[in-house]
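**Q** Below is a structure I'd like to ask you about.
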Amino acid sequence: MILAAPGSDEEVESEEWQILRKILEMRETTKCDKFVGASTIELIRNKLLSLALNVSNRDIFIQGVPHELDLLIAKNDVKPIENVLYLPPDVLVVFEIKFRGCYGKPSLNNVKEVFDSVKKVNDKIECFYATVSENSRYKYRATYEKLGYECFELLTRETNLERALSMNSIRTTGDWQKLLSRLSAHIKQGV
Numbered sequence: 007m008i009l010a011a012p013g014s015d016e017e018v019e020s021e022e023w024q025i026l027r028k029i030l031e032m033r034e035t036t037k038c039d040k041f042v043g044a045s046t047i048e049l050i051r052n053k054l055l056s057l058a059l060n061v062s063n064r065d066i067f068i069q070g071v072p073h074e075l076d077l078l079i080a081k082n083d084v085k086p087i088e089n090v091l092y093l094p095p096d097v098l099v100v101f102e103i104k105f106r107g108c109y110g111k112p113s114l115n116n117v118k119e120v121f122d123s124v125k126k127v128n129d130k131i132e133c134f135y136a137t138v139s140e141n142s143r144y145k146y147r148a149t150y151e152k153l154g155y156e157c158f159e160l161l162t163r164e165t166n167l168e169r170a171l172s173m174n175s176i177r178t179t180g181d182w183q184k185l186l187s188r189l190s191a192h193i194k195q196g197v
């Protein structure tokens with residue numbers, strides 16, 4: 007779980023593990039079903055804000071899209087209408103963010119429907135699916151092949167989360183850095 011810093015005897019916790027650890031700590035404080043999802047989005051939002059990106063609040067909307075969106079990145083200096091509504095030309099990237107991945111085929115279909123509706127109002131908006139942890143053996147695991155959109159899995163495991171934690175069998179995927187690289191490239195093109 008802890009990665010050693012190159013050329014150092016000190017241990018450094020990866021950003022992926024920082025996010026997972028914080029969510030696990032926070033979920034002990036409340037048993038509300040929506041808390042883990044909300045805190046997952048908020049922690050990723052804060053990581054993106056630290057990169058000086060124009061990151062929305064969570065649970066926002068794009069004009070013409072009939073779905074609530076987890077998070078988005080807008081062009082520099084764009085402010086949402088009433089802090090919740092963005093105009094399609096002002097949006098660069100939309101995120102669907104999960105803690106443990108999708109829950110079955112209907113969940114995958116819903117993500118695809120949301121992303122498709124975003125593309126209908128502005129086909130230049132990138133749609134990214136990101137999950138903190140996913141079971142690599144899960145039949146309905148979100149992938150590019152299943153969604154048609156880029157998917158980023160920060161940590162992977164081959165069993166349920168609790169068992170993987172107890173067995174110390176969760177691994178980083180490198181997708182966090184891939185996500186940041188794709189985000190950077192797209193924002194440079196769209197600004």
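To convert a position in the sequence shown, counted from 1, into the numbering used here, add 6. All residues carry an ideal CB built from backbone N, CA and C; glycine is no exception. Note that this is a predicted model, so its numbers are computed, not measured.
1. Tell me the DSSP bridge mates of V97?
2. Under 8 Å by Cβ, that's how I've got V124 and I68 pegged, so tell me the actual separation to the nearest angstrom.
3. Since E156 contacts R188 with CB under 8 Å, what's their CB separation in whole angstroms?
4. What is the DSSP secondary structure of N52, reduced to helix, strand or coil?
5. For K145 and K104, I'd like the C-alpha separation in whole angstroms.
6. If you count every other CB in all the chains shown that lies within 10 Å of the CB of G110, and 16 or more means buried, which is it?
7. Report yes or no: do the region 106 to 122 and the region 78 to 85 share at least 3 C-beta pairs separated by less than 8 Å?
8. Would you list the one or two residues that DSSP bridges to Y92?
9. Since Y135 and E102 should fall inside the 8 Å C-beta cutoff, what is the C-beta to C-beta distance between them, to a whole number of angstroms?
10. Sorted by chain position, which residues of the same chain lie with C-beta nearer than 8 Å to L59's C-beta, five sequence neighbours on each side aside?
11. Which residue wins for smallest C-alpha separation from T96, given the options K152, D76, V127 and H73?
12. Leaving out five residues on either side along the sequence, give the residues of the same chain with a beta carbon under 6 Å from the beta carbon of E16.
13. Can you check DSSP and say which residues form a bridge with L6?
14. Using three-state DSSP, classify F134 as helix, strand or coil.
15. Residues in the same chain with beta-carbon distance under 8 Å from K53, minus the five sequence neighbours each way, listed in chain order, please.
16. Using DSSP with H/G/I as helix, E/B as strand and the rest coil, what is E34?
17. Please confirm whether E225 and S139 have their CB atoms less than 9 Å apart.
18. Where does the unbroken alpha helix (DSSP H) through A170 begin, and where does it stop?
19. By a C-beta neighbour count over all protein chains shown, 10 Å radius and 16 as the cutoff for buried, is D65 buried or exposed?
20. Rounded C-beta distance between I131 and V100? I'm assuming under 8 Å.
**A** Looking at the coordinates:
1. Paired residues: A80.
2. Yes, they are in contact, since the Cβ atoms of V124 and I68 sit about 6 Å apart, within 8 Å.
3. Approximately 7 Å separates the beta-carbon atoms of E156 and R188; this is inside 8 Å, confirming the contact.
4. Helix at N52.
5. C-alpha separation (whole angstroms): 16 Å.
6. By the neighbour-count rule (16 or more Cβ atoms within 10 Å), G110 is not buried but exposed.
7. Short answer: they don't touch.
8. Paired residues: I68.
9. That pair is a contact at about 5 Å.
10. Excluding positions up to five away in sequence, the list reads I79, L189 and I193.
11. Checking the displayed sequence, the identity of residue 96 turns out to be Asp instead of Thr. Comparing alpha-carbon positions, the option among K152, D76, V127 and H73 lying closest to D96 turns out to be V127.
12. Legend: pLDDT at E16 = 43, less than 50; position of this residue unreliable, no value from coordinates given.
13. Residue coverage of the chain in this structure runs from 7 to 197, which leaves residue 6 outside it and unanswerable.
14. F134: strand per DSSP, three-state reduction.
15. Within the same chain, E21 and I25 come within 8 Å of K53 by CB-CB distance, once the 5 residues on both sides are set aside.
16. Coil at E34, not helix or strand.
17. Absent from the structure is residue 225, since the part of the chain shown begins at 7 and ends at 197.
18. L167 to S172 is the span of the alpha helix (DSSP H), which, as asked, contains A170.
19. Around the beta carbon of D65, fewer than 16 other beta carbons lie within 10 angstroms, which makes this residue exposed.
20. Confirmed, about 6 Å.
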